[in-house]
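A short write-up of the structure that comes next.
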Amino acid sequence: MTFPTPGSRQPKQRLALLAAGLLTCAATFTALPAANADEGHNGKFRLGDPKEHYMGSQVAEHEGDGAGAGSSTKQDNNTYASVQGNDVSHWQGDINWPAVYDDGARFTYIKATEGTSYRDPKFADNYVGSYNAGFVRGAYHFARPDGASGGAQANYFADHGGAWSADNQTLPGVLDIEYAPSGDACYGLGQSAMRNWIADFINTYHDRTGRWAVIYTTTSWWKQCTGNYGGFADNNPLWIARWASSPGELPNGWSYYTFWQTDNEGRYPGDQDVFNGSYDRLRVLANNG
């Protein structure tokens, strides 16, 4: 089926004034991260590169802890009756994937690309390392609708890690569509234009891989930037981001979520996630069932 055309975390640094008076009384200003400064993903200090964002980085900026409406009470992943996993990027550094697997995680998603010019430098290590440790894993693309077309970005994603293979351990790729890193939350696009951009991405990705991309988003962003469009729900699994005790209201069209990002930190490296189903069902998703 082809869809009809619908009709970083920036670091907050504080300047610490260091007086070097003694004989010269010269003052030196040095930028230092304060104890409560915003850091990168799970402690990696963010350098402010506009192309080095990660899944949920802009959710943190716009919706914060307890992303979305309602309760912001968090729970450990162990309290969820679902398969546990995480999502990561180069901000986690070197990951001991066998140890993460031994701690109970069974799936992971790894940042591969952003726009049409950025490739995550740790993608290959994480993709192979998680596979060898036994994870069911997949890749995600951080969307930049303020740049190239959806189709161009889908092709770039598929060419650089986002392709699918029937190996029993590869999940369909993810379109990470969230608030713009700067400026207008919707990347300067109206709701109709945004729906068209998303349709271009997912249709191109399907043509390239035979799989429908998972859509990662928040309900608030989806309402604001697509007009709460429900036309993608029949084919595209939903990954809802809400760092709270429940997934809350879902975007229009989806009656259930496939993945839920429950927190931006926790027992596993990176973001904390759950799959809405059994491990056998996760395998079915990996095998295009």
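Taking my numbering, the leading residue of the sequence shown gets 104, the next gets one more, and so forth. Heads up, the beta-carbon is just placed ideally off N, CA and C, and yes, glycines get one too.
Asked                                                                                                                                                                        : Found
Quick one: Cα of N299 to Cα of H309, how far?                                                                                                                                : 15 Å
Identify every residue that forms a DSSP beta bridge with L278.                                                                                                              : H244, I318
Check for me: the beta strand (DSSP E) holding G188 runs from which residue to which?                                                                                        : 186-191
Take the Cβ of P224 as the centre, count every other Cβ of all protein chains shown within 10 Å, and call the residue buried at 16 or more, exposed below.                   : exposed
Going by alpha carbons, who is nearest to W194 out of H156, Y212, G264?                                                                                                      : H156
Short of 8 Å in beta carbon distance, which residues of its chain neighbour G356, apart from the five on each side in sequence? Order them along the chain.                  : Y332, G333, G334, F335, A336, D337
Would you check if the distance between the CB atom of Q161 and the CB atom of E281 is smaller than 8 Å?                                                                     : yes
Would you mind listing the beta strand (DSSP E) stretches within the segment 206-243 that are 3+ residues and don't spill past its ends, in chain order?                     : 210-217
Can you give, in chain order, each stretch of the alpha helix (DSSP H) that sits fully within the segment 314-385 and has at least 4 residues?                               : 322-329
Please report how far the alpha carbon of G241 lies from the alpha carbon of G250, in whole angstroms.                                                                       : 24 Å
Considering Cα atoms alone, identify which of A255, P201, G253, Q256 is closest to Y230.                                                                                     : P201
Would the beta-carbon of T307 fall within 8 Å of that of G264?                                                                                                               : no
For T273, which residues does DSSP report across the bridge?                                                                                                                 : R240
Is the distance from the Cβ of V186 to the Cβ of F304 below 8 Å?                                                                                                             : no
Tell me which same chain residues have a C-beta within less than 8 Å of the C-beta of A269, skipping the five on either side of it?                                          : N390, N391
Would you give the residue range spanned by the alpha helix (DSSP H) that I305 belongs to?                                                                                   : 294-312
Leaving aside the five residues before and after W363 along the sequence, list all residues of the same chain whose C-beta is less than 6 Å from its C-beta, in chain order. : I343, P350, V377
Residues in the same chain with beta-carbon distance under 8 Å from I318, minus the five sequence neighbours each way, listed in chain order, please.                        : V277, L278, I280, I301, I305, F335, N339, P340, L341, W342
To the nearest angstrom, report how far apart I213 and T329 are at their CA atoms.                                                                                           : 26 Å
Tell me which same chain residues have a C-beta within less than 6 Å of the C-beta of A257, skipping the five on either side of it?                                          : F304, T307, Y308
Could you tell me how far apart the beta carbons of N189 and T211 are, in whole angstroms, since I believe they sit closer than 8 Å?                                         : 5 Å
Please state if the CB of V203 and the CB of P372 are separated by a distance shorter than 8 Å.                                                                              : yes
My assumption, with CB atoms under 8 Å, is that T312 sits in contact with A246. Please give the rounded CB distance.                                                         : With 8 Å as the limit, T312 and A246 do not qualify as a contact, their Cβ atoms being about 17 Å apart.
Where do the N-terminal and C-terminal ends of the alpha helix (DSSP H) with Q256 fall, by residue?                                                                          : 253-260
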